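J.:
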Ligand SMILES: [Zn+2]
């Protein structure tokens, strides 16, 4: 089949599915799957599975067993420490268009949990009001729209009578917003998204319908717990102030670390203001009374790393600053708690999967596509770092700048364009049976 004819067929099929696409989107967007705590996952799993079954896909569930919930959903285990067990189910849903074991395959996966709606909405966050071609809902762009596009892409291929020379897989995962251990992390562990089981992976995150993303920055979250000596506020010389300790630490960070992070990465991290490594203090706690120097204090850091820097590198720099403060204030001590540590991820720009989606964007939208690297972190880390699958990119319809904001919305036409690009991408990667 000529490429022009293939594009026309896909285009027509998605256009004919417009009403069903909007209906499917509203069904998914209206289920409040807030995480934490992980609300309504079984309802969502049922809805998502039934749509895939309707279009002839074989569906299976990859659910985290009860005895591993505390380990894989630690943020919820902490929420209700006295109620045991009280972690809601974590379910991932996988659908196959074609023979489950056939190769090559292409696996589209996106997360279905959403961040809590917060305040400041002008409409019901799960009401799915449509205004000017946009559907308003928490989690619409980030990133249930990607799930709509991936399933509609499979549906469109079926409707157009295009048979892939391989298998298209669509999945929806839990818990990305809290780190993804029970979602894509668990799917990788169970062998669903590894080099052995998968040829190509497209994560349908909200990174704009005309951009192709090849990596993300690293993340290190840490608390520095400081131990000083308590004393009366009128006789500070008798004690050791944890607040002064923290002040000195911040000074050493300015002196020793800041000069090392002035160079931006040449990689296209979007937005451009995120092209640096950052050491950001985000929380400080100490003291209970105005006339007492407290014994303890705590400062938290959100460290983001460009692909040129590693978690080990950042940890060593922080430890060396802490050691300097400790030496300056004999009798004080500190301990560090790390609770999120993910190295940056970057896959090769020169691979067919990237070129194919760049071509798809060009052919379907007429826009010149852009390669990006995500400022945050996402599930790509599991697939690439643990699953060892380098053929893994991110492409999806949601707009990054609307994620987690009030009045989040998803443009319907961009969701349709993405469905077309995904369908075309599957054809280009796997080939079609003529
Ligand atoms: Zn997301």
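Numbering (my numbering), first residue to last: 16 to 449. Built from N, CA and C at the ideal position, the CB exists for glycine as well. Just so it is clear, the structure is predicted and the values come from calculations on it, not from any experiment.
For residue 416, does the count of other Cβ atoms within 10 angstroms reach 16, so buried, or fall short, so exposed?
T.: Exposed, because fewer than 16 other Cβ atoms sit within 10 Å of the Cβ of residue 416.
J.: Residue 285 by DSSP, collapsed to three states: which one?
T.: Here residue 285 sits in coil by DSSP.
J.: Alpha carbon to alpha carbon, what distance is there between residue 183 and residue 418?
T.: Approximately 27 Å between the Cα atoms of the pair.
J.: When you compare only the Cα positions, how much space is there between residue 383 and residue 132?
T.: Each residue's alpha carbon lies about 33 Å from the other.
J.: With distance defined between alpha-carbon atoms, name the residue in 47, 61 and 60 nearest to residue 153.
T.: Checked all of 47, 61 and 60; the closest Cα to residue 153 is 47.
J.: With a threshold of 8 Å, are at least 3 pairs of Cβ atoms found where one atom belongs to the stretch 370–386 and the other to the stretch 263–274?
T.: Contact fails: fewer than three Cβ-Cβ distances are below 8 Å.
J.: Let me know the alpha helix (DSSP H) ranges lying completely inside the stretch 150–231, each 4 residues or longer, listed in chain order.
T.: You should have 160–174 and 199–204.
J.: Can you give, in chain order, each stretch of the alpha helix (DSSP H) that sits fully within the stretch 278–358 and has at least 4 residues?
T.: Runs of the alpha helix (DSSP H) inside the stretch 278–358: 326–343.
J.: Between the C-alpha atoms of residue 249 and residue 143, what's the straight-line distance to the nearest angstrom?
T.: Cα-Cα distance, rounded: 59 Å.
J.: Restricting to Cα atoms, I'd like to know which of 65, 62 and 137 is closest to residue 421.
T.: Comparing Cα-Cα distances from residue 421 to each of 65, 62 and 137, the minimum goes to 137.
J.: Among 53, 376 and 135, which has the Cα closest to the Cα of residue 423?
T.: Taking only the C-alpha atoms, the option nearest residue 423 is 135.
J.: Apart from the five residues just before and just after residue 163, which ones in its own chain have a Cβ nearer than 7 Å to its Cβ?
T.: Correct list, in chain order: 36, 39, 40, 43 and 430.
J.: Quickly, what does DSSP pair residue 144 with across the bridge? List them, please.
T.: Looking at the DSSP assignment, residue 144 forms a beta bridge with 151.
J.: Could you tell me the alpha carbon to alpha carbon distance between residue 210 and residue 256, rounded to whole angstroms?
T.: Rounded to whole angstroms, residue 210 to residue 256 spans 52 Å at the Cα level.
J.: Please list, in chain order, all residues of the same chain as residue 290 whose beta carbon is under 8 Å from its beta carbon, the five residues on each side excluded.
T.: If we look at residue 290 and ignore the five residues flanking it on each side, its Cβ neighbours are 279, 280, 282, 284 and 321.
J.: Please report the distance separating the alpha-carbon of residue 227 from that of residue 412.
T.: If you take the alpha carbons of residue 227 and residue 412, they lie about 11 Å apart.
J.: Thinking C-beta only, is residue 261 closer than 7 Å to residue 312?
T.: Yes, they are a contact pair.
J.: Does DSSP put residue 375 in a helix, in a strand, or in coil?
T.: Here residue 375 sits in helix by DSSP.
J.: For residue 345, count neighbouring C-beta atoms within 10 Å of its own C-beta (all shown protein chains included) and say buried if the count is 16 or more, exposed if not.
T.: Counting Cβ neighbours within 10 Å, residue 345 comes out exposed, since fewer than 16 surround it.
J.: Check whether the stretch 215–224 touches the stretch 395–414, counting contact only when three or more Cβ pairs, one atom from each stretch, lie closer than 8 Å.
T.: Yes: the two stretches touch, three or more of their Cβ pairs being nearer than 8 Å.
J.: Give the single residue among 334, 358 and 343 whose Cα lies nearest to the Cα of residue 351.
T.: Answer by Cα proximity: 334.
J.: So, under 8 Å CB-CB, residue 108 and residue 169 are touching, yes? Tell me the CB distance rounded to an integer number of Å.
T.: Not a contact, Cβ separation roughly 14 Å.
J.: What is the DSSP secondary structure of residue 425, counted as helix, strand or coil?
T.: In this structure, residue 425 counts as strand in the three-state DSSP scheme.
J.: Quick check: is any heavy atom of ligand 1 less than 6 Å from the C-beta of residue 220?
T.: Answer for residue 220: yes, Cβ within range of ligand 1.
J.: Less than 6 Å separating the Cβ of residue 6 from some heavy atom of ligand 1?
T.: It is not possible to answer for residue 6, since the shown part of the chain is limited to 16 through 449.
J.: Within the present structure, is the beta-carbon of residue 157 separated from the nearest heavy atom of ligand 1 by less than 6 Å?
T.: Checking every heavy atom of ligand 1 against the Cβ of residue 157, one is found closer than 6 Å.
J.: Spell out the partners DSSP gives residue 122 in its beta bridges.
T.: BP columns for residue 122 point to 184 and 216.
J.: Buried or exposed, going by whether 16 or more other CB atoms sit within 10 Å of the CB of residue 122?
T.: When all chains shown are included, residue 122 counts as buried.
J.: Tell me the DSSP secondary structure of residue 236 in three-state form.
T.: Of the three classes helix, strand and coil, the one that applies to residue 236 here is strand, per DSSP.
J.: Got a sec? Which residues, its chain only, sit under 7 Å from residue 317 by beta carbon, not counting five neighbours each side?
T.: The answer, listed in chain order, is 236, 295 and 297.
J.: What is the DSSP secondary structure of residue 101, reduced to helix, strand or coil?
T.: Here residue 101 sits in coil by DSSP.
J.: So, residue 141 versus residue 45, is the Cβ gap smaller than 7 Å?
T.: Contact: yes.
J.: Should residue 24 be labelled buried (16 or more other beta-carbon atoms within 10 Å of its own) or exposed?
T.: Classification of residue 24: buried, given that the 10 Å Cβ count is 16 or more.
J.: Near residue 204, what residues of its chain come up, given a Cβ to Cβ distance below 8 Å and the 5 sequence neighbours on each side ignored?
T.: Cβ neighbours of residue 204 beyond the five flanking positions: 401.
J.: Rounded to the nearest angstrom, what separates residue 195 and residue 52 at their Cα positions?
T.: Spanning the two alpha carbons is a distance of roughly 13 Å.
J.: Work out the CA separation of residue 306 and residue 397 for me, nearest whole Å.
T.: Near 49 Å, if we compare the C-alpha coordinates of residue 306 and residue 397.
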